[in-house]
Structure formats: C-alpha cells, structure tokens
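Just below is one structure, and these are the notes that go with it.
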Amino acid sequence: MLAYVINPGSTSTKLALAEIERGDNPALPSLLRLKLDKTEVMHSALLSGPLELSDLQADLMTAAADWPKPDAVVAACGLIGNLQAGAYRVTPELAEWLLTHPHGEYTSNVGAALALHLAESRGVPAYVVDPPDVDELRPEARVSGLAGVERLSRLHTLNARLVARRAAHEQGVRFQDARVVVAHLGGSISVSAFEGAKIVDTTGARLDEGPFTPSRAGTLPIRALLDVAYSRPRSDAEKLLLSGAGFLGLTGTADLRELERREKTESRVKLAADAFAYQVAKNIGAYSAALSARPHAVAITGGIARWESVVDRIERQIGWIAPLTVLPGDLELEALAEGMGRVLLGLETAQDWTPPGAASAADSA
Ligand SMILES: Nc1ncnc2c1ncn2[C@@H]1O[C@H](COP(=O)(O)OP(=O)(O)OP(=O)(O)O)[C@@H](O)[C@H]1O
Ligand SMILES: CCCC(=O)O
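Letter by letter, the sequence shown follows residues 1 to 365 of UniProt numbering.
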C-alpha cells in the first residue's frame, strides 16, 4: 500500500511517500513493514489565511509531482474534539472546521486541508490520524479535587501511541494487550499511561501537569501558583509559566545540548538535570500506578531522550518498574504512515468525524 504523509510544522512541512506492508509476525499483526521516502517543504511564516494555504498546497503538489498514485493521503491535525484514537476521514467540513476553529497554536490545523487537496488531485481519500485531543481517559482520571474542574487529555498522541506500540512489541506483547507508560520529553512534555491500546490517563502537555520542560514550569505547588497568578496579569503569568520557566528559568538557557556540556562543571546545571530526571521518574511511577497491573514496558521519547546522562538517571530510578525502551526524537511521520497502513491493510476501521457538540445536540433534540 502507498500513502502520502503530511506533517505540517511552524517553519516547514514534512512530507513522505510511505510504502506500508503487513509484517511477518502473525502474533503481532500491527508490527508493519514501513519504507518512507522523506522530504521537507520549507515555509517562512505560520499559515493563517487562504492565500498562504493555497501557496503551501501548490508547494506540496510540486514536491509530490513525480510520486506514484497513492492509495490514500494522511496528515497530522490539530484539536478536533475529544475523540477515540485512530484514523478519521477528512471531509471538506472537517478541513474547514480545523481552519476556522483553530484552538491554540496548532500549526497542524492546516493538515486536513492539505491532505484533502492532494488526495482530490489523485482521486483518493484523505485521512487524519491520532489528534492531540484524543480522549480515552478513565472516568476517575477526569475528576480533580475541585468540583467543575476536569482534567483534560491533550498530549503528543501521534508520537506517544507509536512509541507505546513499539515498546509493547519489543516485549512481544500486542498493543491491545499491553500496559505501557510513555514519557514524551520534547520542547513540551507529556507522561501517559496506555492500557488496552487506550490512553487511560495523561499529565497533558501544555498548562496541565507533569515535569518541567526546557522552558515550561510543569506542576507547581499551589501556593506558588497563586503567588504567580496574583502578582501579574493572566497573559504575563501564562507567558512566564510556558516560556520563562523550566530549564530556562533554572539555568538561563533552554538549549539542553548546551546544558548537557555544562552539567559536568556547573553544580546549578547538574542540580537542574537531577531534578528533571527525578520529576520524570516520579511521573512515570505515578502513571504506572494508573494501570491495573505492572506495565510491560516504560518508554522515553522526544529530543531530550538524546541526553544520555538524563536517560541513565531516569533508568536507574524506574528500572524496577519495567524494561525501558528509548526512542529519541519524534516519529510522527512513521506514526501517520502506520496509522494509515492499519486502515488500508484492514487492521482498523477509519471513523467519521462529527463537529464537537453535534452528537449531544442531536441527542437532546
Ligand atoms: N543531544 C541532545 N542532548 C540534550 N538535549 C537535546 C539533544 N537533542 C535535542 N535536545 C533537546 O530536545 C528538545 C527538543 O525536543 P523535540 O525535538 O522533541 O521538541 P519539539 O519537536 O520542538 O517539541 P515537541 O516534542 O514538544 O513537539 C530541545 O529542548 C533540545 O534542546
Ligand atoms: C500536544 C501538545 C503540545 C503543546 O501544546 O505544546
């Protein structure tokens, strides 16, 4: 099977021609064979209007001009409304909804429109896979200690699901039978618990919970949070918590490659790295406890998984919980291709998207 794969980013769009086949292990049917021919289309500004969209559509058509006809086109997408994980058919309504209801700074809001354009030009269907707001939380995971405040599911779904599946397969366990904890350690961070192929609990990835990040504060003591909130306007508080905290606030830089070099000679940097590894380990422990039994695997991914001494510290602390899989960087193109492949190969069924709220409005009518 062939698919065009699109992953829009803030400065470029990653594209791939993916060849996807069934693997040869009948015990692990979703362990697919994947060949990706990757390319990158640069764009100078965040897309915000129809002109920029048509420019990018034209760029992608040029990049894929010589590619053979695919069976489908698949793209990453933004928030589409608290759904189950998996593939969703892109309709003109979904593409338009993502462009006109962008929640937050999700550059991938444009993904569905790009996929639809390329797919229509080739006469094949378009899909999006595993949006960031996939919501499969246990009912009790939703409840906070303050009535009316719900915990949200918003995470690095694409990468985390792929990494969870690979970690399960590494232990010889089918994803739907596995319990896995995934820590995505990138520019933003989420730690999530997977059971029965569902994301049953997560720290979330933005103004939610979890470890500090290169420039975000992560979970804070409530009294400190109140001090921050009451000492400045909300927008300044958000700016501080999202882009003036974490490693940046503790050491003066969010460049972790630089900190990796400095940690041997600077006690302040070593303490920050110790604290980061400690917070990640504690969250892995907490999300292991969200599972019904000991996890089959723990996995670490994202750019920070390249910082070897941090990974070593984490492994020393959580090694007793389960074997550790380390997959540095992000594998979003692979995740999109595999998600598409599972549908094209008949291992999963694609779902139809309805706008958030449409079902409940219909129910109450
Ligand atoms: N070799 C390395 N050693 C230490 N840190 C590294 C290394 N390589 C990358 N990083 C850090 O990883 C982080 C970037 O991770 P990643 O590329 O996963 O982030 P992103 O894609 O920008 O964001 P996100 O993962 O939240 O979508 C940066 O803070 C960078 O400093
Ligand atoms: C998945 C969410 C990532 C972010 O908002 O940083």
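All C-beta atoms, glycine included, are put in the ideal place defined by N, C-alpha and C.
Determine the extent of the alpha helix (DSSP H) in which residue i is found, giving its start and end residues.
i	result
residue 372	Nothing can be reported for residue 372, as the shown portion of the chain is limited to 1 through 365.
residue 366	Outside the shown range of the chain, which is 1 to 365, sits residue 366, and nothing can be said about it.
residue 342	332 to 344
residue 235	234 to 243
residue 93	92 to 100
residue 251	246 to 251
residue 195	Premise fails: residue 195 lies in the beta strand (DSSP E), 189 to 195, not in any alpha helix (DSSP H).
residue 258	256 to 262
Closer than 8 Å by C-beta to residue i: which residues in its own chain qualify, once you throw out the five before and the five after it? Chain order, please.
i	result
residue 63	15, 39, 41
residue 362	Unreliable positioning characterises residue 362 in this predicted model, as indicated by a pLDDT of 35, which lies under 50. A coordinate reading is not provided.
residue 205	132, 154, 155, 156, 184, 188, 189, 190
residue 66	none
Using three-state DSSP, classify residue i as helix, strand or coil.
i	result
residue 288	helix
residue 321	coil
residue 107	helix
residue 133	coil
residue 208	coil
residue 270	helix
residue 171	coil
residue 227	helix
residue 7	strand
residue 66	coil
residue 128	strand
residue 309	helix
residue 157	helix
residue 30	coil
residue 144	coil
residue 139	helix
residue 73	strand
residue 151	coil
residue 116	helix
residue 216	coil
residue 89	strand
residue 425	There is simply no residue 425 to check, as the chain begins at 1 and stops at 365 in what is shown.
Ends of the beta strand (DSSP E) at residue i?
i	result
residue 185	179 to 185
residue 37	33 to 42
residue 348	Segment: none, residue 348 is in no beta strand (DSSP E) and carries neither H nor E.
residue 15	12 to 21
residue 302	297 to 302
residue 203	No beta strand (DSSP E) holds residue 203; DSSP gives it neither H nor E.
I'd like the list of long-range same chain contacts for residue i, defined as Cβ closer than 6 Å, with 5 residues on each side in sequence excluded.
i	result
residue 178	168, 296
residue 384	Examination of residue 384 is not possible in this model, given that the chain is present from 1 through 365 alone.
residue 260	307
residue 343	87, 350
Would you check if the distance between the CB atom of residue i and the CB atom of residue j is smaller than 8 Å?
i	j	result
residue 186	residue 303	yes
residue 112	residue 90	yes
residue 114	residue 56	yes
residue 212	residue 245	yes
residue 348	residue 145	no
residue 350	residue 326	no
residue 273	residue 310	yes
If I measure Cβ to Cβ from residue i and keep anything under 7 Å in the same chain, skipping five residues before and after, which residues do I get?
i	result
residue 46	Legend: pLDDT at residue 46 = 47, less than 50; position of this residue unreliable, value from coordinates given subsequently. So the qualifying residues of the chain are 10, 107.
residue 287	181, 191, 192, 193, 201
residue 23	31, 32, 33
residue 19	2, 35
residue 216	188, 241, 242, 245, 246
Could you tell me whether any non-hydrogen atom of ligand 4 is closer than 7 Å to the CB of residue i?
i	result
residue 254	In terms of ligand content, the structure shown lacks ligand 4 and carries ligand 1 and ligand 2 instead.
Please decide whether residue i counts as near chain C, where near means a Cβ-Cβ distance under 8 Å.
i	result
residue 135	Absent from the structure: chain C. Only one protein chain is present.
Meets three-Cβ-pair contact criterion under 8 Å: the stretch 224 to 235 and the stretch 188 to 204: no
At least three beta-carbon pairs within less than 8 Å, the stretch 148 to 156 to the stretch 261 to 272: no
Inter-stretch contact at 8 Å, needing at least 3 Cβ pairs: the stretch 12 to 27 / the stretch 81 to 101: no
At least 3 beta-carbon pairs within less than 8 Å: the stretch 327 to 339 vs the stretch 155 to 164: yes
Three or more C-beta pairs below 8 Å linking the stretch 112 to 126 and the stretch 83 to 98: yes
Meets three-Cβ-pair contact criterion under 8 Å: the stretch 277 to 285 and the stretch 306 to 319: yes
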